[in-house]
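One structure below.
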Amino acid sequence: MLRKIVPALLLAAAPLSAQSTGTPVFHGPYRVFDRYEMGMNMSDAGNIAIEGFYGFSQASAKWDFALRGGVLDTGGDGKTALLVGFDMRYRMITQTVDFPLDGALISGVGASLVSGRSRLNIPIGISLGRRLNLTNSTVSLVPFAEPVLVPTFGSGESDVLVALGLGLDVRINRRFELRGAIGVGDIENFSIGFSIAR
C-alpha cells in the first residue's frame with residue numbers, strides 16, 4: 000500500500016516548490032515584499048544546487064507563500080535531480096519587552112526528483128530573529144535562527160531530519176535583499192541568494 004502512496008505523493012508534489020527541497024536554504028521571520036518577490040539561491044550540501052523562487056502575498060497579510068524550482072547535481076553518477084516545492088511563512092510572534100525576537104511558522108512541501116532516489120520533504124519549523132536598522136542608511140540586517148523538523152519519504156526508508164538554520168538577510172533597500180544561511184544537523188552546509196521585491 001505504502002509503495003503505491005509514495006509515488007502518488009511525489010507526482011502530486013511535482014508542480015510545487017519549496018525550502019523543503021532538502022537544500023540548506025532557510026527563511027527569516029520577515030517577508031520583504033508588499034506583493035511579490037523573485038530571486039535565486041545557490042547552495043552546497045555536498046553537491047551544488049541552484050533554485051529560483053517566486054514569493055507572493057497580500058500587502059497587509061501575516062502570511063506569504065513561495066514557489067521554488069531548481070536543479071541539484073547528485074554527484075558522481077552524472078544524474079541531475081529536479082527540485083520543486085512550495086513554502087509557507089506565517090508571522091505569529093512580535094517582539095516585546097519580555098521577548099526581544101520576532102517569529103514565524105515555516106512550513107511547506109517539496110521534492111527532489113531523480114531516478115531511483117526521489118524524496119518528498121515536509122519541513123516544519125519556526126524562524127526567530129530581529130531586524131537591525133543601520134543608522135542613516137537604507138541597509139538593515141536580520142540575523143535569525145530556524146530550527147526545523149523535516150519528515151522525508153520516498154526511495155529508501157522514511158526518516159525525520161532535524162536541522163538548525165542560522166542565517167543573515169541583508170536588506171540593501173526596499174527592493175533588493177541578499178541572503179545567506181548555514182545549516183547544521185541533518186541539512187548541512189551553506190546557501191547564498193538574493194531577492195528582488197515589489
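Numbering that gives the first Met the number 0 puts the sequence shown at residues 0 to 197.
Cβ coordinates follow ideal geometry from the N, Cα and C atoms, glycine included.
#### Entry: Contacts around Tyr53, its chain only, beta-carbon distance under 6 angstroms, and the 5 residues preceding and following it disregarded
Leaving aside the five residues that flank Tyr53 on each side, the residues in its chain whose CB is nearer than 6 angstroms to its CB run, in chain order, Met37, Leu66.
### Query
What three-state label does DSSP hand Thr73 in the structure shown?
It is coil, neither helix nor strand.
### Message
Going by DSSP in three states, Ser114 sits in which element: helix, strand or coil?
### Response
Residue state, collapsed to three classes: coil.
### Message
Check for me: the beta strand (DSSP E) holding Arg88 runs from which residue to which?
### Response
First-last of the beta strand (DSSP E) with Arg88: 79-92.
### Message
Considering only their Cβ atoms, is the gap separating Gly45 from Glu187 smaller than 9 angstroms?
### Response
Yes, these two residues count as a Cβ contact at 9 angstroms.
### Query
What do you get for Phe98, buried or exposed, if any count of 16 or more other CB atoms within 10 angstroms of its CB means buried?
Label assigned to Phe98: exposed.
### Task
Label Met87 either buried or exposed according to how many other C-beta atoms from any shown protein chain fall within 10 Å of its C-beta, with 16 as the threshold for buried.
Burial call: buried.
### Query
Any idea what DSSP makes of Ser56, helix, strand or coil?
Ser56 falls in the coil class under three-state DSSP.
### Task
Please work out which residues of its chain come closer than 6 angstroms, Cβ to Cβ, to Leu177, disregarding the five sequence neighbours upstream and downstream, and give them in chain order.
Listed in chain order, the non-local C-beta contacts of Leu177 below 6 angstroms within the same chain comprise Val169, Phe193, local neighbours out to five positions each way being set aside.
### Query
Tell me the DSSP bridge mates of Asp43?
For Asp43, which the question treats as bridged, DSSP gives the partners Ile47, Phe189.
### Query
How is Met37 classed by DSSP in three states: helix, strand or coil?
In the structure shown, Met37 sits in a strand (DSSP, three-state: E or B).
### Query
Where does Arg173 land, buried or exposed, given buried means 16+ other C-beta within 10 angstroms?
For Arg173, the number of other beta carbons within 10 angstroms of its own is below 16, and it is reported as exposed.
### Task
Put Thr151 into one of helix, strand or coil per three-state DSSP.
Shown here, Thr151 sits in a strand according to DSSP, grouped into three states.
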